[in-house]
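**Student:**
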Amino acid sequence: HSDPQSYAIGIKELWEIDPSRHTPGLALHSAGWPLDPDTYGGAFMYHAEDNKVYCGFVIGLGYENPYLFPFEEFQRWKTHPRIKWYFTDDNGNVNAKRISYGARAITAGGIMALPKT
17 HSDPQSYAIG IKELWEIDPS RHTPGLALHS AGWPLDPDTY GGAFMYHAED NKVYCGFVIG
77 LGYENPYLFP FEEFQRWKTH PRIKWYFTDD NGNVNAKRIS YGARAITAGG IMALPKT
């Protein structure tokens, strides 16, 4: 038997940030905000080498709000003071450069949510 199938959309960006805001190996995770309590999802930020940062947002595709736009929620997540700090200078001006981006549908239920074939 398998668990019910569950899918999400994952959005990821690669940024180059100011060396003074970079900590190689740092991993940040969040859950919930900016999503409403009935929508599951979360975000991550991983500091790689050479002042590179991977950040991403995952949102379950079972959301009921027809006006919810996952990309806009991802952008809103980056406005949180704890996250925004990595992308801005001391005056609040963006001083980071987005290098690449992408999105895809992903299975959110793990291996047990995949049908046996």
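Residue numbers for the sequence shown, in this note's numbering: 17 to 133.
Ideal placement from N, C-alpha and C gives every residue a C-beta, glycine not left out.
With DSSP collapsed to three states, give me the class of Ala24.
**Tutor:** Three-state result, Ala24: strand.
**Student:** Which stretch, first to last residue, makes up the alpha helix (DSSP H) that contains Ile99?
**Tutor:** Pro97 to Lys100
**Student:** Check Glu88 in the structure and name its three-state DSSP category.
**Tutor:** For Glu88, the three-state secondary structure derived from DSSP is helix.
**Student:** In chain order, what residues of the same chain lie with their CB nearer than 6 Å to the CB of Tyr62, ignoring the 5 residues before and after it?
**Tutor:** Ala43 and Tyr70
**Student:** Our contact map puts Ser46 next to Ala59 with C-beta atoms below 8 Å; I'd like the distance itself, whole angstroms only.
**Tutor:** 5 Å
**Student:** State the DSSP-derived secondary structure class of Trp93, mapped to helix, strand or coil.
**Tutor:** helix
**Student:** For Lys100 and Ser116, I'd like the C-alpha separation in whole angstroms.
**Tutor:** 18 Å
**Student:** Quick check on the burial criterion: 16 or more other C-beta atoms within 10 angstroms. Buried or exposed for Ile127?
**Tutor:** exposed
**Student:** Under three-state DSSP, which class holds Ile33?
**Tutor:** coil
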